[in-house]
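J.: In my numbering, the protein residues as written are 3 to 332. Note that the Cβ used here is the ideal one computed from N, Cα and C, for glycine as well.
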């Protein structure tokens, strides 16, 4: 079928000229139609591309993650709604922990939007001897005193200064970031992140991540440590099974970061779970609950008897109160 009138034998010059004009107009109309169509589709493609370039909101990403992990949170080796994954790339080590708190989203926000509460949380970790907080123009600083997994006075510990930032807080989403430019043993760019969004039934889906960059010297020291004193220290990621069918857990720097991140996660959970108790008994309840939570995973997290942990944490808590007092009075 032709778009144009075909008349191979025009009856005269006038008719031939009319046919030629009609052909030109038809070609012009088709050409304009093609241009319009191209513009329409390119505009649509540009619009779609623009949408693809728009960064997704944090709450959308976190909600998608919850749906993807929902089955794993309900049934896993932890016996708790908890999921751990980690990666190691070049000089960067990163771990993500996802879990569900049996607390309302509003109560989680009310606790974790207060920088001072973070010091009482992180100091449950055996390596955090003391934590102090202070406000500066436009920001909060948290100082972690990092030491051994036994009692140490704060003057013998390494100080790591974290900047606390409430990245985003609105109805249905919380995003808190703690970052330190330098850490112990030559590590750099430490980032601890906490995200939360509400779930049905008054529960809260939470995400705790931790990452840092190491150095050539540290990587060499890590290889030496994990081949000797640190041999047998395990993480939570399963890399396979042994001859008896038992799970084989990851070791090395990823395992160390997984252990520490899980300790911080349980510290947040212990803080939340003990809010219903009177102020004067919360600290002892927190330390006891934290130890019991970590005690479920002896292969990864056992370090000492409960009485030893409770004893040195009680002393370190007194040190923290004494160090914090003059900062508050300033």
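What are the boundary residues of the beta strand (DSSP E) that includes residue 158?
T.: Translated into the one-based positions of the chain shown, residue 158 becomes position 156. That residue, residue 158, is in no beta strand (DSSP E); it is neither H nor E in DSSP.
J.: Quick one: is residue 267 buried, meaning 16 or more other Cβ sit within 10 Å of its Cβ, or exposed?
T.: By 1-based counting over the chain shown, the position of residue 267 is 265. By the 10 Å Cβ count, residue 267 comes out buried.
J.: Can you say whether residue 85 is buried or exposed, counting buried as having 16 or more other CB atoms within 10 angstroms of its CB?
T.: Residue 85 sits at position 83 when you count from the first residue of the chain shown. With 16 or more other Cβ atoms within 10 Å, it is buried.
J.: Less than 7 Å between C-beta atoms, sequence neighbours within five positions excluded: which residues of the same chain meet that for residue 302?
T.: Your numbering for residue 302 matches position 300 in the chain shown. Excluding positions up to five away in sequence, the list reads 236, 237, 238, 261.
J.: Just to check my reading of the structure: residue 174 and residue 144 have Cβ atoms closer than 8 Å, yes? What is that Cβ distance to the nearest angstrom?
T.: In the chain shown, counting from the first residue as 1, residue 174 sits at position 172. In the chain shown, counting from the first residue as 1, residue 144 sits at position 142. Contact flag wrong, Cβ pair sits at about 26 Å.
J.: Please determine, among 245, 318, 96, the residue with the shortest C-alpha to C-alpha distance to residue 193.
T.: Within the chain shown, the letter at position 191 stands for residue 193. Among 245, 318, 96, the Cα nearest to that of residue 193 belongs to 96.
J.: Are residue 186 and residue 162 closer than 8 Å when you measure CB to CB?
T.: Position 184 of the chain shown, counting from 1, holds the residue named residue 186. Position 160 of the chain shown, counting from 1, holds the residue named residue 162. In contact: residue 186 and residue 162 (Cβ atoms closer than 8 Å).
J.: Considering only C-alpha positions, which residue in the set 132, 82, 244 is nearest to residue 347?
T.: In the structure as shown, the chain begins at 3 and stops at 332. Residue 347 is therefore absent and cannot be evaluated.
J.: Measuring CA to CA, which of 165, 166, 147, 151 is closest to residue 157?
T.: Looking up residue 157 in the chain shown gives position 155. When only C-alpha atoms are compared, the closest one is 147.
J.: Short check: CB of residue 102 to CB of residue 207, under 8 Å?
T.: Residue mapping note: residue 102 aligns to position 100 of the chain shown, counting from 1. Residue mapping note: residue 207 aligns to position 205 of the chain shown, counting from 1. In contact: residue 102 and residue 207 (Cβ atoms closer than 8 Å).
J.: Beta-carbon within less than 8 Å of residue 115's beta-carbon, same chain only, minus the 5 sequence neighbours each way: which residues are those?
T.: In the chain shown, residue 115 corresponds to position 113, counting from 1. 168, 171, 176, 178, listed in sequence order.
J.: Pick helix, strand or coil for residue 112, following the three-state DSSP scheme.
T.: As a working note, residue 112 is residue 110 in the chain shown. Reduced to three states, the DSSP call for residue 112 is helix.
J.: Give the secondary structure of residue 296 by DSSP, where H, G and I count as helix, E and B as strand, and everything else as coil.
T.: Translated into positions along the chain shown, residue 296 becomes position 294. Residue state, collapsed to three classes: helix.
J.: Determine, using beta carbons only, whether residue 304 and residue 152 come nearer to each other than 8 Å.
T.: Here residue 304 refers to the residue found at position 302 when the chain shown is read from its first residue. Here residue 152 refers to the residue found at position 150 when the chain shown is read from its first residue. No, the Cβ-Cβ distance between residue 304 and residue 152 is not below 8 Å.
J.: CB residue 318 to CB residue 125, shorter than 8 Å?
T.: Residue numbering aside, residue 318 sits at position 316 when the chain shown is read from its first letter. Residue numbering aside, residue 125 sits at position 123 when the chain shown is read from its first letter. Cβ distance < 8 Å, so residue 318 and residue 125 count as in contact.
J.: Return the first residue and the last residue of the beta strand (DSSP E) that residue 306 is part of.
T.: Within the chain shown, residue 306 is the residue found at index 304, counting from 1. No beta strand (DSSP E) contains residue 306, which DSSP labels as neither H nor E.
J.: May I have the straight-line CA-CA distance separating residue 211 from residue 245, to the nearest angstrom?
T.: Along the chain shown, read from residue 1 onward, the residue named residue 211 stands at position 209. Along the chain shown, read from residue 1 onward, the residue named residue 245 stands at position 243. Their backbone Cα atoms lie some 33 Å apart in a straight line.
J.: Mind checking who residue 197 pairs with in its DSSP beta bridge?
T.: Position 195 of the chain shown, counted from the start, is the residue given in the question as residue 197. 177, 209.
J.: Using three-state DSSP, classify residue 270 as helix, strand or coil.
T.: Stepping through the chain shown from its first residue, residue 270 is reached at position 268. It is helical.
J.: Below 8 Å between beta carbons: does that hold for residue 87 and residue 98?
T.: Translated into positions along the chain shown, residue 87 becomes position 85. Translated into positions along the chain shown, residue 98 becomes position 96. For residue 87 and residue 98, yes; Cβs fall inside 8 Å.
J.: Let's test the definition: count the other Cβ atoms within 10 Å of the Cβ of residue 307 and tell me whether it reaches 16, buried, or not, exposed.
T.: Residue numbering aside, residue 307 sits at position 305 when the chain shown is read from its first letter. The residue is exposed, with fewer than 16 neighbouring Cβ atoms inside 10 Å.
J.: Taking buried to mean at least 16 other C-beta atoms within 10 Å of its own C-beta, is residue 321 buried or exposed?
T.: Residue numbering aside, residue 321 sits at position 319 when the chain shown is read from its first letter. Buried, because 16 or more other Cβ atoms sit within 10 Å of the Cβ of residue 321.
J.: Quick one: residues in its chain with C-beta nearer than 7 Å to the C-beta of residue 68, no 5 flanking neighbours on either side, listed in chain order?
T.: For this step, residue 68 is matched to residue 66 along the chain shown. Counting only Cβ-Cβ distances below 7 Å, and skipping sequence neighbours, we find 207.
J.: Alpha carbon to alpha carbon, what distance is there between residue 256 and residue 155?
T.: Translated into the one-based positions of the chain shown, residue 155 becomes position 153. Translated into the one-based positions of the chain shown, residue 256 becomes position 254. Using only the alpha carbons, I get a separation of about 29 Å.
J.: Sorted by chain position, which residues of the same chain lie with C-beta nearer than 6 Å to residue 113's C-beta, five sequence neighbours on each side aside?
T.: Numbered from its first residue, the chain shown carries residue 113 at position 111. 119, listed in sequence order.
J.: With DSSP as the reference, label residue 150 as helix, strand or coil.
T.: As a working mapping, residue 150 is identified with position 148 in the chain shown. Three-state DSSP puts residue 150 in coil, outside helix and strand.
J.: What would DSSP say about residue 89, mapped onto helix, strand or coil?
T.: For the purposes of this step, residue 89 is identified with residue 87 of the chain shown, where counting begins at 1. Residue 89: strand per DSSP, three-state reduction.
J.: If you draw a straight line from the alpha carbon of residue 123 to that of residue 251, how long is it in whole angstroms?
T.: The residue labelled residue 123 in the question sits at position 121 within the chain shown. The residue labelled residue 251 in the question sits at position 249 within the chain shown. If you take the alpha carbons of residue 123 and residue 251, they lie about 27 Å apart.
J.: Distance, Cα to Cα, residue 160 vs residue 76?
T.: Translated into positions along the chain shown, residue 160 becomes position 158. Translated into positions along the chain shown, residue 76 becomes position 74. Going from the Cα of residue 160 to the Cα of residue 76 covers about 39 Å.
J.: Does any CB atom of chain B fall closer than 8 Å to the CB of residue 125?
T.: Of the chains in the structure shown, none is chain B; there is only one protein chain.
J.: Measuring CA to CA, which of 108, 285, 181, 248 is closest to residue 201?
T.: Translated into positions along the chain shown, residue 201 becomes position 199. Considering only alpha carbons, the answer is 108.
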